[in-house]
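This report concerns only the one structure given below.
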């Protein structure tokens, strides 16, 4: 059975990040639709959207048009990257909040990390070279 499925999938695009996102998001929408037990119209719209996303996800998985699917996935990853970077930066800042204080450069908005408890210090941005003073 496994060999037959592998043979069927030969030459097809398969699962990528966008397909995973669409599948998980459609499942999330289906779970949310369960909360709208009495509102049948809202529930049916959410289920319809979830079903459409799931169909599109499987269409992408079974597609043989590699170039188009790769281009779609690249657009999705380019959209996702800045959001993921901001979330990762916030998580790192939260983990290091006891030992470091974080400042934004006034000119380029880069996030700079300075040890806590050093008093008033002169901070030089590594990205643009702007210097400013802040209290840590």
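Numbering (the numbering used here), first residue to last: 679 to 814. No residue lacks a Cβ here, since even glycine has one placed at the ideal position from N, Cα and C.
Given a cut-off of 8 Å on the beta-carbon distance, is the pair residue 791 and residue 780 in contact? Residue mapping note: residue 791 aligns to position 113 of the chain shown, counting from 1. Residue mapping note: residue 780 aligns to position 102 of the chain shown, counting from 1. Yes.
Secondary structure of residue 690, DSSP reduced to three states: As a working note, residue 690 is residue 12 in the chain shown. In this structure, residue 690 counts as coil in the three-state DSSP scheme.
Using a Cβ-Cβ cut-off of 8 Å (strictly less than) and excluding sequence neighbours within five positions of residue 710, which residues of its own chain qualify? Residue mapping note: residue 710 aligns to position 32 of the chain shown, counting from 1. 724, listed in sequence order.
With respect to the alpha helix (DSSP H) encompassing residue 784, which residues constitute its N-terminal and C-terminal limits? As a first step, residue 784 must be located in the chain shown, where it is residue number 106. Residue 784 -> no alpha helix (DSSP H), and no H or E assigned at all.
May I have the straight-line CA-CA distance separating residue 786 from residue 807, to the nearest angstrom? Locating residue 786 in the chain shown gives position 108, where the first residue counts as 1. Locating residue 807 in the chain shown gives position 129, where the first residue counts as 1. Whole-angstrom Cα-Cα distance: 10 Å.
Ignore the nearest five residues each way along the sequence and tell me which others in residue 739's own chain have a CB closer than 8 Å to its CB. Against the chain shown, residue 739 aligns to sequence position 61. Same-chain partners within the cutoff: 690, 691, 692, 693, 697.
Within its chain, find whatever has a CB closer than 8 Å to the CB of residue 804; leave out the 5 residues flanking it on each side and keep chain order. Along the chain shown, one-based indexing puts residue 804 at 126. Counting only Cβ-Cβ distances below 8 Å, and skipping sequence neighbours, we find 788, 790.
Span of the beta strand (DSSP E) around residue 798: As a working mapping, residue 798 is identified with position 120 in the chain shown. Where residue 798 is concerned, the enclosing beta strand (DSSP E) stretches over 798-802.
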